[in-house]
Amino acid sequence: MKAVIWGAGGTTRDFLRKKILYKDYDIIAFTDNNPDIWGEIFWNNKKIISPSQLKEWQFDVIIICSLYYEMISRQLTQKLNIASDRIITYHDLENKVSEKIIAKYEGCDDKEIQDVLSVYKKGFLNVLGSYMPESGLYSKVYRDKEGYPYIMFEGKKMYYPLDYKFQKIDHEEVIADILYEQGEDSPHLYIRNKQDIPKNSVIVDAGVCEGNFALRYAERARKIYLIESDAKWMEALHRTFYDYSEKVVYCRKFLSRFETKEMTTLDALVEEEIDFLKMDIEGAEVDALLGGMNVLKKSNAKCAICSYHKQFDEKYISFILKSYGYRTEHSRGYMFFPYDENIENTLDLRRGIVYGRKEIAVGHSSGL
Numbered sequence: 169m170k171a172v173i174w175g176a177g178g179t180t181r182d183f184l185r186k187k188i189l190y191k192d193y194d195i196i197a198f199t200d201n202n203p204d205i206w207g208e209i210f211w212n213n214k215k216i217i218s219p220s221q222l223k224e225w226q227f228d229v230i231i232i233c234s235l236y237y238e239m240i241s242r243q244l245t246q247k248l249n250i251a252s253d254r255i256i257t258y259h260d261l262e263n264k265v266s267e268k269i270i271a272k273y274e275g276c277d278d279k280e281i282q283d284v285l286s287v288y289k290k291g292f293l294n295v296l297g298s299y300m301p302e303s304g305l306y307s308k309v310y311r312d313k314e315g316y317p318y319i320m321f322e323g324k325k326m327y328y329p330l331d332y333k334f335q336k337i338d339h340e341e342v343i344a345d346i347l348y349e350q351g352e353d354s355p356h357l358y359i360r361n362k363q364d365i366p367k368n369s370v371i372v373d374a375g376v377c378e379g380n381f382a383l384r385y386a387e388r389a390r391k392i393y394l395i396e397s398d399a400k401w402m403e404a405l406h407r408t409f410y411d412y413s414e415k416v417v418y419c420r421k422f423l424s425r426f427e428t429k430e431m432t433t434l435d436a437l438v439e440e441e442i443d444f445l446k447m448d449i450e451g452a453e454v455d456a457l458l459g460g461m462n463v464l465k466k467s468n469a470k471c472a473i474c475s476y477h478k479q480f481d482e483k484y485i486s487f488i489l490k491s492y493g494y495r496t497e498h499s500r501g502y503m504f505f506p507y508d509e510n511i512e513n514t515l516d517l518r519r520g521i522v523y524g525r526k527e528i529a530v531g532h533s534s535g536l
């Protein structure tokens, strides 16, 4: 079926990353009410056309990727004479996936899975499963004298790439709650006990992105390894961590079990024993752990390793850490990761983080 996508902003970009939602459609064009972008190429060599041009195109459906879908639906039906049965929304497609997940797990006796299904039955295909904190928190975006964007994060400037696409509210650039995924009950929580990063710690942050994890503990750390393969983010990180540059090691490579021009290993990069390893590297966690055998074996580190990117990563990560002498546990709850290109074949709910540690200090919880 041929589809035109309404929208050419952040919501549409997120939609296009979830291939499971549009696998049955051939996207032929995009449309939007913003005349400034008509004629531009948006994705996959597909043009953004004006709504008035829709009558010139042969398509089966229009998929609305916008929070204003009711207003857009009225425009399509009342002004452009497009039948309502040819109009669907991003949310409609998510509901179809939700229904499949519910059918798969309906008879499961795992309470945490049933908690996720109860959310999906209400019409929310929430990546974080049953974890739905209050939203609506935003940070204002500022610009330094060179035009680089940043927000204030716990009293520190945290920079973003120059071409970052920010959300706008009342014509003001903002960024949504940067710690949204780090609530106490989140399946994506990196650390449960802040005391697991004591003073003079050596921290390895693999998959840094904007840097909010390492930045929170920058004062406590003796040394910080920032591993981020994206050049634009790495440029921003140099600005964010400028005041801590004497203790930061920057690595703009992919973390793996092999060393190449583009890749490195933990064992090759890290010189000393480490105290904390956070790893969120888009499904490369297993390979990266295999390339860190020596440093992890000799260290008494706390580990927080993302396990939701691929179907069996929780088992593989746990096995590797145990072979290095670590005890493991997982984060609370489950996640559904629609960005996995193979997710349509598995429709599986996954644990978000595998935690690892070698020993339990007296008087402390076993959780990270």
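The sequence shown begins at 169 in the numbering used here and counts up by one. Virtual Cβ for every residue (Gly too), placed ideally from N, Cα, C. Small disclaimer: the values here were computed from a predicted structure and weren't measured.
Between the Cα of residue i and those of the options, spot the shortest distance and give me the residue it belongs to.
i	options	result
residue 178	234, 212, 226	234
residue 416	513, 424, 407	407
residue 527	449, 496, 348	496
residue 447	260, 184, 469, 427	469
residue 221	414, 338, 332, 247	247
residue 172	258, 238, 305	258
residue 458	373, 487, 312	487
residue 466	440, 449, 318	440
residue 350	303, 340, 367, 331	303
residue 214	389, 357, 170, 277	170
residue 357	296, 399, 325, 275	296
residue 348	367, 325, 381	381
residue 367	313, 442, 212, 340	442
residue 498	507, 518, 508	518
residue 256	269, 237, 249	237
residue 411	269, 389, 180, 369	389
Given a cut-off of 8 Å on the beta-carbon distance, is the pair residue i and residue j in contact?
i	j	result
residue 419	residue 401	no
residue 444	residue 364	yes
residue 429	residue 451	no
residue 293	residue 505	no
residue 200	residue 175	yes
residue 475	residue 522	yes
residue 502	residue 461	no
residue 500	residue 355	yes
residue 327	residue 261	no
residue 395	residue 385	no
residue 472	residue 359	yes
residue 284	residue 308	no
residue 232	residue 240	yes
residue 449	residue 374	yes
What is the rounded straight-line gap between the Cα of residue i and the Cα of residue j?
i	j	result
residue 203	residue 196	19 Å
residue 520	residue 346	18 Å
residue 298	residue 516	15 Å
residue 422	residue 484	19 Å
residue 267	residue 223	33 Å
residue 554	residue 305	As displayed, the chain neither begins before 169 nor continues past 536, which places residue 554 out of reach and without an answer.
residue 514	residue 424	25 Å
residue 281	residue 273	8 Å
residue 118	residue 490	This structure cannot settle anything about residue 118, because the visible part of the chain is limited to 169 through 536.
residue 300	residue 405	29 Å
residue 228	residue 218	17 Å
residue 510	residue 186	11 Å
residue 387	residue 290	43 Å
residue 244	residue 392	53 Å
residue 251	residue 182	26 Å
residue 413	residue 323	18 Å
residue 409	residue 379	9 Å
residue 210	residue 332	16 Å
residue 311	residue 399	20 Å
residue 339	residue 206	21 Å
residue 278	residue 507	24 Å
residue 533	residue 253	A caution first: residue 533 carries a pLDDT of 40, below 50, which makes its placement in the model unreliable, though a value can still be read off. One C-alpha to the other measures close to 55 Å.
residue 198	residue 226	13 Å
residue 184	residue 316	27 Å
If I follow the unbroken beta strand (DSSP E) through residue i, where does it start and stop?
i	result
residue 257	255 to 257
residue 235	Here residue 235 belongs to no beta strand (DSSP E), and DSSP marks it neither H nor E.
residue 340	340 to 344
residue 187	Taken as a continuous stretch (DSSP letters only), residue 187 belongs to no beta strand (DSSP E), being part of the alpha helix (DSSP H) at 187 to 190.
residue 496	495 to 498
residue 196	194 to 199
residue 309	Note, residue 309: premise wrong, no beta strand (DSSP E); not H, not E.
residue 392	389 to 395
residue 518	Segment: none, residue 518 is in no beta strand (DSSP E) and carries neither H nor E.
residue 443	Per DSSP, residue 443 belongs to no beta strand (DSSP E) and is neither H nor E.
Return the Cβ separation of residue i and residue j in integer angstroms, given the expectation that the two are a contact with Cβ distance under 8 Å.
i	j	result
residue 329	residue 403	7 Å
residue 463	residue 434	5 Å
residue 265	residue 188	6 Å
residue 383	residue 334	Not really, about 19 Å apart at Cβ, beyond 8 Å.
Tell me where the alpha helix (DSSP H) around residue i begins and ends.
i	result
residue 406	399 to 408
residue 282	279 to 288
residue 461	461 to 466
residue 484	481 to 491
residue 469	Unbroken run through residue 469: none, as it is neither H nor E.
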